Amino acid sequence: MTYFCNICKKEISEKEYNYSTSKFNKPLCREHQDNSTIEEKGLNKKESNYRENMIKGRIAETLIEELFLSLGYNVFRYGMENTVPGIMELLKGVRSDVADNIRRMPDFVIQHPERKDVFFIEIKFRSNEEFKLSSLPKDYPYKNCYFIVVSKKHIKCITYNELLEGKEVTPTSKNYLGSRKEFELDKNVIIDFCDFAVKFFHEVP
């Protein structure tokens, strides 16, 4: 009797047939047995990358949230994913103006402990320490937003207007978060949190 792979229709041996039908409930060649094993054990590559990037982003957000809290700021989670739990999962793959506006909402609103000024803050993790205007979607609506870029070594900050002027965050740029006069931050505290970032992200590709 002749046996065939259920996916590629390639002829397979009786031994392959017996093994694959027993393990995967369908006849598979060796190549598709390997692929099925990978999918069975965990996420596919696309889903794995999505989850990994989400986790890195959340770690960076928590790092910056704790930094501002430690300096006496009022910190409010602003993004829709914080007010409506699970909405970002529901919007995965959805293309519409409403979905895009929800995705673009800044992560935090922070308030200066003395002056009571408020700021929109968006947190970005970038292992290559690069962030520029082209990193944002077209028609980004929050023109008064500050972008805090967390990398393996530094925490830098740039405004939307500075991006419009052609300025960028790069490995050699000097736009450190501690240099922002608007926030009046303790540089020693920022150094401590940079050390945390190194611990959390030193092996991240």
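Throughout, this note's numbering is defined as the position within the sequence shown, counted from one, plus 1284. Idealized CB from N, CA, C, for every residue including glycine. Quantities reported herein were computed from a predicted structural model and do not represent experimental measurements.
Practice task
Please determine if the stretch 1331-1348 and the stretch 1310-1320 are in contact, where contact requires at least 3 C-beta pairs separated by less than 8 Å.
Solution key: Because the criterion of three Cβ pairs below 8 Å is not met, the stretch 1331-1348 and the stretch 1310-1320 do not touch.
Exercise for the section: Report buried or exposed for H1486, applying the criterion of at least 16 other Cβ atoms within 10 angstroms of its Cβ. Expected result: Under this definition H1486 is an exposed residue.
Exercise for the section: Compare the beta carbon distance of K1437 and V1482 with 8 Å and say whether it is the shorter of the two. Expected result: Taking 8 Å as the Cβ cut-off, K1437 and V1482 qualify as a contacting pair.
Problem - Close beta carbons around I1322, own chain, < 7 Å, minus the five adjacent residues each side - result: For I1322, the predicted structure reports a pLDDT of 46, less than 50, and the residue's modelled location is therefore unreliable. A value from the coordinates is still provided. So no residue of the chain qualifies.
Handout entry: Bridge-paired residues (DSSP) for V1359
Key = Answer by DSSP bridge pairing, in chain order: I1394.
Exercise for the section: Report back the beta-carbon spacing between N1459 and Y1444 to the nearest angstrom; my notes put them in contact at under 8 Å. Expected result: 13 Å between Cβ atoms; not a contact.
Handout entry: Bridge partner(s) assigned by DSSP for I1403
Key = The sequence given here has Phe at residue 1403, not Ile. When DSSP reads this structure, F1403 sits in a beta bridge with I1394.
Practice task
Give a yes or no on whether the C-beta atoms belonging to G1356 and P1397 are separated by under 8 Å.
Solution key: Judged by their CB atoms, G1356 and P1397 are nearer to each other than the 8 Å cut-off.
Handout entry: Bridge-paired residues (DSSP) for Y1287
Key = Partner(s): I1296.
Practice task
Give the secondary structure of C1429 by DSSP, where H, G and I count as helix, E and B as strand, and everything else as coil.
Solution key: It is a strand residue.
Handout entry: Top-ranked residue by Cα proximity to R1361, from F1403, K1330, I1339, R1399
Key = Among F1403, K1330, I1339, R1399, the Cα nearest to that of R1361 belongs to F1403.
Handout entry: Unbroken alpha helix (DSSP H) run spanning K1440, endpoints
Key = Per DSSP, K1440 lies in no alpha helix (DSSP H) segment; the continuous beta strand (DSSP E) that holds it begins and ends at 1439-1443.
Practice task
Count the other CB atoms, across all protein chains shown, that sit within 10 Å of the CB of K1293; report buried if there are 16 or more and exposed otherwise.
Solution key: Exposed, since its Cβ has fewer than 16 Cβ neighbours within 10 Å.
Practice task
Starting from the C-beta of E1345, find all residues in its chain whose C-beta is less than 6 Å away, skip the five residues before and the five after it, and write them out in chain order.
Solution key: Only D1391, I1407 meet the Cβ criterion.
Exercise for the section: Let me know if S1354 comes out buried or exposed under the rule of 16 or more other beta-carbons within 10 Å of its beta-carbon. Expected result: In the assembly as shown, S1354 is an exposed residue. Its beta-carbon has fewer than 16 other beta-carbons within 10 Å.
Exercise for the section: Under the assumption that F1477 contacts I1439 (Cβ atoms under 8 Å), give the Cβ distance between them as a whole number of angstroms. Expected result: The C-beta separation of F1477 from I1439 comes to about 7 Å, placing the pair in contact by the 8 Å criterion.
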